[in-house]
Amino acid sequence: MRAPQPNISDYSIEKRYVRKDGSIVWGNLHVGLVLDAHGSPNYFVSTIEDISARRDAEAARDRLLVKEQTTRALLDTFLAAAPVGFALIDRELRYVLVNDALASMNAIPRSEHIGRSTRELLPEIADRAEELIRPVIDSDAPALGVESTAEARVWLGNYYPVHDANGSLLGVGAVIIDITEGKRAEAALRSAGEENARLLDAERVARLSAEQEAQLREQVLAIVSHDLRNPLQSIKGWARALTAAEGDLPAAAERRVEMIRRATDRMEHLIRELLDLASIQGGRLRISPDSIKAVERGVQMRANLALTLTRRLCGSRAPRAGPLEPDRQCDQVHAAGRPHRGARGGRCVGAHDRGE
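Numbering (the working numbering), first residue to last: 122 to 477.
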C-alpha cells in the first residue's frame, strides 16, 4: 500500500476483491492517517465498504442507457427513411414528434411542427383531424383504417393511444399513408372491369346472334331440301316420263323436254352444293378417303378424255396426257379446252365440258 502524501490525511479507492469461492465483491477502501501528540504519523485506520449492489445498479443503468441510445438511433433512422408518415401528438393535440414523410405530406418543415397544433399549422383540415384524434384520447382505444380526403389526395390513417411506463396516457401515435395512387389504380381497375363486362355482354349478344343466324340457316336449308327438292323431283320425273314416250312427241317438244331435264339436273346439283356448303359451315360434312380418290379418278378421266379429243382435232401439237397432280388437274383440263392451232395452220377447237 502506498503511503499518503504529506498534505493528504486520508484517501478512498474502489476495487474488486475475490472471495475464496471465486465470486467478485466490490469494495470502497478508505484509509486515514492518525497522528500522535507531536503531529507525526502514528498509524493508519482502514475501512472497507461493500458497494457491490451499487456497482451492479450502475452497470445495469449503463446497459439500459446503451440500449436506449441504440433504440433511439434505430427509431430515428426508421422514421427518417420510412415512406409512411409518423407523428406523436400530446393530449393537447400538439405535435411532439414528426418524421420527414409526414412533414412532406403537410408541406411544412419538421421543426415548425413541434409544440404546435394542427389547427395552427393546417386550419383547413383541423376539424377533421380533431374528429379523428380526440375520440382516441377520450376512449383510450385505437382508430384504424380511417380514410381522409383533401385537395384531391386520399390518406389512410391509423391512430393509437400511447402510454408511459406507468400506464398514463401521453397522447396519440399517428401512422398516415398516402393512398392516392392506389385509389386511382383501383378506379382504373374498376373501369377496366366494367369495360370487360361490356365486352362480355357484346360477345354474348354476338354469340346469340350467330346462334340465331345458324338456326335461320337451318330453317332455310330445311325449306330448300323439302320445299324445293320435292317439286324438282316431280318435274324431273315428268320430264323422264315424257322422254320415255317414244313417237308421241314432235322433235321440237323432245328438245324442250331435254332442256327441262338438264335444267332440273343443274338445279338439283346447285341444291346439293348449297346443302354441302351449309354442312361445311356447320362442321357436319364428312369426307372419306375413298370419296377423295373417286373424285381424283373422275378428274383424271375427264382430263384424259379432253386431251384425247384435242389430239385428234389438232394433230401432233396437242398436249400429252399423263398423270395429273391434284393441284394442277383443273389447270390442265382448262388448258386442254382452249382453242389450239394445229400443225397445218388450221384452227381447231378443244373438247371441254359445258357443265351439264
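In this text, a Cβ means the ideal position worked out from N, Cα and C, and glycines have one as well.
In its own chain, which residues sit with a C-beta less than 7 Å from the C-beta of residue i, not counting the 5 before and 5 after it?
i	result
G108	The first residue shown for the chain is 122 and the last is 477, placing residue 108 beyond what the model contains.
L223	G206, F207, A208 and I297
V275	E268, I300, T301 and K304
M226	G206, I297 and D299
P230	A224
D171	V146 and G148
L200	F207 and N220
V416	none
R237	R215 and Y216
Work out the CA separation of residue j and residue i for me, nearest whole Å.
i	j	result
Q421	K414	10 Å
S133	T191	35 Å
K141	D177	20 Å
D259	T198	32 Å
A309	L321	18 Å
P244	D183	45 Å
R305	A181	53 Å
G303	L186	42 Å
L363	R382	10 Å
D248	E241	12 Å
R361	R418	29 Å
A286	A158	60 Å
K357	E339	25 Å
A372	V378	10 Å
I145	G288	38 Å
G143	K188	30 Å
R311	G266	21 Å
N317	Q333	24 Å
P410	R376	40 Å
Y281	A273	26 Å
W359	R319	59 Å
E252	R175	50 Å
E179	A228	45 Å
E307	S232	36 Å
S355	L430	37 Å
Which term fits residue i, buried or exposed, when burial requires 16 or more other beta carbons within 10 angstroms of its beta carbon?
i	result
D452	Only weak support is given to the placement of D452: the predicted model assigns it a pLDDT of 43, under 50, and the value that follows is read from those uncertain coordinates. Looking at its Cβ environment, which holds fewer than 16 other Cβ atoms inside 10 Å, D452 is exposed.
I254	buried
T385	buried
T239	buried
A335	exposed
L337	exposed
L329	exposed
A323	exposed
L196	exposed
R432	buried
A331	exposed
A427	buried
Check whether the Cβ atoms of residue i and residue j sit closer than 8 Å, and answer yes or no.
i	j	result
L353	M380	no
L150	S173	no
A295	G314	no
A203	N220	yes
D261	L290	yes
L396	L342	yes
To which residues of the same chain is residue i closer than 8 Å at the C-beta, ignoring the five residues directly before and after it?
i	result
V155	P162, N163, Y164, F165 and V166
H390	none
For the putative contact between residue i and residue j, defined by C-beta atoms under 8 Å, what is the C-beta separation to the nearest angstrom?
i	j	result
P256	A250	So it is not a contact: roughly 12 Å between Cβ atoms.
G100	Y138	This structure cannot settle anything about residue 100, because the visible part of the chain is limited to 122 through 477.
I246	A271	5 Å
Sorted by chain position, which residues of the same chain lie with C-beta nearer than 6 Å to residue i's C-beta, five sequence neighbours on each side aside?
i	result
V326	none
S130	L154
E135	N149
A374	none
I169	G148 and L150
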